[in-house]
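The sequence shown: position 91 = 91 (full-length UniProt numbering), numbered continuously. Even for Gly, the Cβ is constructed at its ideal location relative to N, Cα and C. Some notes on the structure that comes next.
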Amino acid sequence: MRDGFVRTAAITAKIRVADPLYNAEVIIQEIKAAQNSGAELCVLPELCITGYTCGDLFLQQSLLDAAKLALKKIVDASAGQTALCFVGVPWEEGGKLYNCAAAVQNGSLLGLVTKSFLPNYSEFYELRHFTASPGELLFTEFFGERVPLGANILFRCRELPSLVVAAELCEDLWVPNPPSTEHALSGATVIVNCSASDELVGKGSYREMLIRGQSARLACAYIYANAGEGESTQDLVFGGHNLIAENGSLLAESRRFRPETILADIDTERLKAERRKLTTFHCEENSRHIYVDFSLSDPACEEQDKLLRFIDPAPFVPSDEAEKARRCEEILSIQALGLKKRMEHVSGRTVILGISGGLDSTLALLVCARCFDLLGLPRSGIRAVTMPCFGTTDRTYRNACELTRRLGATLEEVRINAAVLQHFEDIGQDPEKHDVTYENAQARERTQVLMDIANRENGLVIGTGDLSELALGWATYNGDHMSMYAVNASVPKTLVRHLVHYYAESCGEAALRDILLDVLDTPVSPELLPPEGGKISQRTEDLVGPYELHDFYLYYVLRFGFRPAKIYRLARQAFAEQYDADTIMKWLKTFYRRFFAQQFKRSCLPDGPKVGTVAVSPRGDLRMPSDAVSRIWLWELEELQREEQAHL
């Protein structure tokens, strides 16, 4: 349960039809195996104690009595184990038979959740045997215990308030308004489904779509355990298709047509963070639900420290190549359309941007080219200005010039050395003193040149800085920090690389492709210090840290508001092969220090299009005071460091 993670299991046991006592033993063994792997929440299929395919045997009292005894064995076997388990069982109450998910934990039956929607079409005949959920909550007797029975039961964890579990059964998910919708609006963050969904051609993909979609709509985790081998194949085949989804993402999926247990760690804190942000998600307790409290303790499992979920080291970049290509095309379109609207609004025919031969200005130039094509304007109206100075290398200068020519833009060169030296003389700056004044004077001179050319040409200055630089404040205030429209403002550095690479591979021009690939191979640098041996001497990532780490931190800080210690834990798993713990900690502290200290630069950002879920525009996603302090965030990391050192 540390950091809000809960290990969940969806279990398909190989049962026997109409043999509850045998099935109870198999279920107990499967649950124990899952618990040995650290599972804290286990879900088994619909009617697994008897088998879903018992047919008219459900009308036999002997089967129902045996099912009750089998459930008692499962409950007794759970004594001393804190995992919350849901097991499918038929239950007779008040002369009616209900299809239930029994919630079992630590020697007690916490509740019997009844199925609300009973299919009675095609191959299903549940109304022949079962009654739909009663309209109101009932109580039943279970070996001296008074147990709630009904559809609207929520199970709340005392130790982890973000873990609230509700259950529905099979068909409940397939109806227009599933019970899980109201459960989630009443506070449930995790929905479990005890299911017996048979296999038909194409049904598996539709089932996955339903589960992922419901988890996304409800900002919840969805644990789906399906009947499989052991069920009667007289007329149907059950494939044991188990799935665990979280907020639209599939965390784990079983292979079909074999009994299998899948495990995944769901993040309940992430779900709560998502709901906090969604102001249209109104979650409140209501009189239709009852809340049953239970306790969990962290299992004694060595594997618990390693999360059973993929922690993507590049959360802004899709890992699937086809999806990555679609994402790149979409982002380029958003950027170009944003600029297109601005150009139309001001009746513009000219844009001005500084072209350095680096990644960001390259992307901005590509966006301008696409925008001009959409407007039907000649690309010659794109004025790319190269402004060599003290740190410019032949490689970046050559790439900047050749890229501009290949794209059909107009190249203009303004050497700023003399102007900067004159400025140094005016303010009494020693040119041999390579300090921040030496660097920023060049950046501000470049911006002044661009702005004045824009006045001369009646054009717009296009900003080239990216989201990662804005988060770290890696921009000269009123220098490259300023523009008239910033097309890269919400594109993180890790994604900039892929956008340029996508353009290179899809442009269909070998010469242009070669230039773009060489830009990608060039170290990231502002080139404000003199080169050494003709090569770049100032590498940004040596100074502020690797952008892949900072983009990872940025994603979890702004997207979910996670605590520093949790982000550190996630980063250690995501980057286990690239960085050691000390390196991750060092740059995480740097991120927090810079992120807080540099907010004043973000408070006056120029306009620019939002392309993803994380952005820092003061008019949109980040309304943060410029004088907020980072003390409590850094203190948490320092405490964590002290604890780790104490354990060495």
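Query, Result
"Cross-strand partners of tyrosine 222 (DSSP beta bridge)", "Ile191, Ala245"
"Validate contact between the region 393-409 and the region 365-372 using beta carbons, cut 8 Å, 3 pairs", "yes"
"Nearest-angstrom beta carbon gap, alanine 18 and alanine 63 [assumed within contact, 8 Å]", "Residue 63 is actually leucine in this sequence, not alanine. About 6 Å separates the two Cβ atoms, so the contact holds."
"Chain-order list of residues whose beta-carbon lies under 8 Å from that of serine 195 (same chain, five-residue window excluded)", "Pro45, Glu46, Leu169, Cys170, Leu173, Tyr224, Ala225, Asn226, Ala227"
"Sufficient close CB pairs (3 or more, under 8 Å) joining the region 436-445 to the region 325-345", "no"
"Boundaries of the alpha helix (DSSP H) in which lysine 586 is found, first to last residue", "581-597"
"Within 8 Å, strictly: CB atoms of isoleucine 453 and arginine 383", "yes"
"Threonine 148 in three-state terms, based on DSSP", "Position check: residue 148 holds proline in this sequence, whereas threonine was assumed. Reduced to three states, the DSSP call for proline 148 is strand."
"Cut-off 6 Å between Cβ atoms - residues of its own chain near isoleucine 352, not counting five sequence neighbours on either side", "Arg383, Leu450, Ile453, Ala454, Gly459, Val461"
"Span of the alpha helix (DSSP H), counted from its first residue to its last, around arginine 349", "No alpha helix (DSSP H) holds arginine 349; DSSP gives it neither H nor E."
"Where threonine 181 sits in the DSSP three-state scheme", "helix"
"For glutamate 302, the three-state DSSP class (helix, strand or coil)", "Because the pLDDT of glutamate 302 is 49, which lies under 50, any placement of that residue in the model is unreliable, and the question is left without a value."
"Alpha carbon of serine 133 to alpha carbon of tryptophan 474, nearest angstrom", "60 Å"
"Cβ neighbour criterion (16 or more within 10 Å) applied to glutamine 598", "buried"
"Rounded straight-line distance, which links the Cα of phenylalanine 294 to that of arginine 2", "17 Å"
"Cα-Cα separation, lysine 610 to serine 490", "5 Å"
"Cysteine 157: first and last residue of the uninterrupted beta strand (DSSP E) it sits in", "153-157"
"Beta-carbon proximity check, valine 190 vs valine 164, cutoff 8 Å", "yes"
"Burial state of cysteine 100, where buried means 16 or more other Cβ atoms lie within 10 Å", "buried"
"Contact check, histidine 278 vs alanine 219, beta carbons under 8 Å", "In the sequence as displayed, the identity of residue 278 is leucine instead of histidine. Contact: yes."
"Close-in-space but distant-in-sequence residues of the same chain around isoleucine 515 (CB under 8 Å, 5 per side omitted)", "Asn399, Glu402, Leu403, Arg406"
"Buried versus exposed call for aspartate 466 [16 or more other C-beta atoms within 10 Å across all chains shown]", "buried"
"Touch test, the region 490-506 against the region 345-363, Cβ-Cβ under 8 Å, three pairs minimum", "yes"
"The beta strand (DSSP E) enclosing alanine 10, as first and last residue numbers", "5-11"
"Start and end residues, beta strand (DSSP E) containing residue 652", "The displayed coordinates of the chain run from 1 to 648. Any statement about residue 652 would go beyond what the structure contains."
"Residue of Gly357, Glu413, Ile416, Phe372 minimising C-alpha distance to threonine 393", "Gly357"
"Burial state of phenylalanine 310 (16 or more Cβ within 10 Å)", "exposed"
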